[in-house]
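Single-structure report; data block below.
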Amino acid sequence: MTMPLVLVVVMVVLYACGVYLMLDRSLTRLLLGFLLVGNATNLLIFLMTGSFGAAPIYGDAPADEMSDPLPQAFILTAIVITFGVSAFLLALIYRSWRLAHDHDDRVQDDESDLEIATTRALAATEVTDEDLAETLEYDEEDYPESGADIAPSGSAASDASETAGEPKP
């Protein structure tokens, strides 16, 4: 096998292992998968450069004997970016592990925030007649239905006229 074919096989294996590890739920395997995919991408860029073994700038040599220096710069940039992102992922993994295993780092809820959330939750719930009927405090005589003629001291119309300020006939 020639050298580029070996590098293609290595690149495919790195991509396959990296994607497999990234699909796992473990954050450590996610980080390792990310590193493998980054290295496989660097190999892909390296394989696309063309001829191997020639110097990027070789004086008076013909253009087909020189290799392009731009992909090599891309690879160096990709290495630095992969290092930075992997350091960030490592910090996130460590932080999530600390939050899962250390209960001293819990953020305390503010009392006013809890009061506002409780008030909004109570205001959002609608009380129906069936809910009132289930409670012990609900009494049919205290809360008559609208338009009902249930009144112990007379009709509902006479009670309404008394509340409006009109005297009883």
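Position 73 of the sequence shown, counted from 1, bears residue number 73 in UniProt numbering, the numbering being contiguous throughout.
C-beta: ideal position from N, C-alpha, C; glycine also.
Fair warning: this is a prediction, and the values are worked out from it, not measured in the lab.
Query: Using DSSP with H/G/I as helix, E/B as strand and the rest coil, what is Pro71?; Result: helix
Query: Taking the CB atoms as reference points, tell me whether Gly33 and Met48 lie closer together than 8 angstroms.; Result: no
Query: In its own chain, which residues sit with a C-beta less than 6 angstroms from the C-beta of residue 231, not counting the 5 before and 5 after it?; Result: Outside the shown range of the chain, which is 1 to 169, sits residue 231, and nothing can be said about it.
Query: Taking 8 angstroms as the cut-off, decide whether the C-beta atoms of Leu30 and Leu90 are in contact.; Result: no
Query: By Cβ distance below 7 angstroms, which residues in the same chain neighbour Phe74 in space, the five residues on each side in sequence not counted?; Result: Ile45
Query: Over the uninterrupted alpha helix (DSSP H) stretch that includes Arg29, give me the two end residues.; Result: 27-47
Query: Helix, strand or coil: which one does DSSP assign to Pro62?; Result: coil
Query: Looking only at its chain, what residues have a beta carbon closer than 6 angstroms to the beta carbon of Asn42, apart from the 5 residues adjacent to it on each side?; Result: Ile75, Ala78
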